[in-house]
Structures are given as structure tokens and as C-alpha cells.
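The next block holds one structure in the form of C-alpha cells; read it before the comments.
Below is the structure:
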């Protein structure tokens, strides 16, 4: 008696190969990702095409369009800022970074910079976001 042998191929998914591909894609994405975290409060910064990323410790002043002011992520009154800055003063090379929202008038930024200078700080930076060059 002759047995019939089926010549149909059974399609099987190579699950092991698919897992290898997914693992390699995940590994590639992890390596290619840029893990940069910016500490501080959420704020819409103005942009600059010549901005440089800073990686050292700075004193941070954040000013919002609605008048809220923060020093090192803690709310503060503008009248108290100069006193607090003078208490934190350690050396003339200490950097103060001022982050203001886009809509804040320039005069308010200049007033903040004057307060910082009157407290003894010379190195003042205005925080911006990096714009893509076209």
C-alpha cells in the first residue's frame, strides 16, 4: 500500500529570528537616542541659532510672563531676589542663568540682570533653545 506524502509546505514564522531583529532595533534606538534632561520648571524659551549648551552648575532664575519668579525652582518675590543672591554669592566666577518666557518684555529681563549684577555676579547667561540652522 502506497502512502500519500503531502508536498505542501507548512509556513512557519521564525519567532526567534523576529525577536533578534526586534532586539537589534531596540538596541540601535537606545544607542542612537540622546538622553538630555533639562532640570527646572517648564518654560517656553526663546530660540537662538548660536546658542551653546552649558553643562556646569549654575544658579537658575526663572521668570514667567505672568510675573511669577523662581530661584533654583523655588518661588520668590522680586524684592527678595537680591538678598538671596548675595547670600548665595561664593565667587565672582559663579554663573547665573536667567530663563524668561518668550513673551516677557525685554525691560523686565534687563531689570533682572541689573539685580543679579548688583548682587556681585559678573557671569550672567540668558537661557535659550537651540534653533536648527537652515
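Numbering (the numbering used here), first residue to last: 329 to 462. Cβ atoms here follow ideal geometry from the backbone N, Cα and C, with glycine treated the same way. Values in this document were obtained by computation on a predicted structure and should not be read as measured data.
Asked, Found
"C-alpha gap between residue 383 and residue 347, whole angstroms", "Residue confidence for residue 383 is low, a pLDDT of 49 falling below 50, so the modelled location carries little weight; the figure read from the coordinates is stated next. Between residue 383 and residue 347, the C-alpha separation is close to 38 Å."
"Burial state of residue 353, where buried means 16 or more other Cβ atoms lie within 10 Å", "exposed"
"Start and end residues, alpha helix (DSSP H) containing residue 438", "434-446"
"Beta carbon of residue 501 nearer than 7 Å to that of residue 454", "Residue 501 falls outside the range modelled here, since the chain spans only 329 to 462, and no answer is possible."
"Spatially closest choice to residue 450 from 427, 428, 431, 421, by CA coordinates", "421"
"Cβ neighbours of residue 399 in the same chain (closer than 7 Å, five flanking residues each side left out)", "389, 409, 412"
"Among 351, 387, 435, the one whose alpha carbon lies nearest that of residue 415", "387"
"Neighbourhood of residue 426 by C-beta distance below 6 Å, restricted to the same chain and skipping five residues each side", "389, 440, 454"
"Proximal residues to residue 419 (C-beta, below 6 Å), its chain only, five neighbours per side dropped", "none"
"Inter-residue spacing [alpha-carbon to alpha-carbon] between residue 402 and residue 392", "13 Å"
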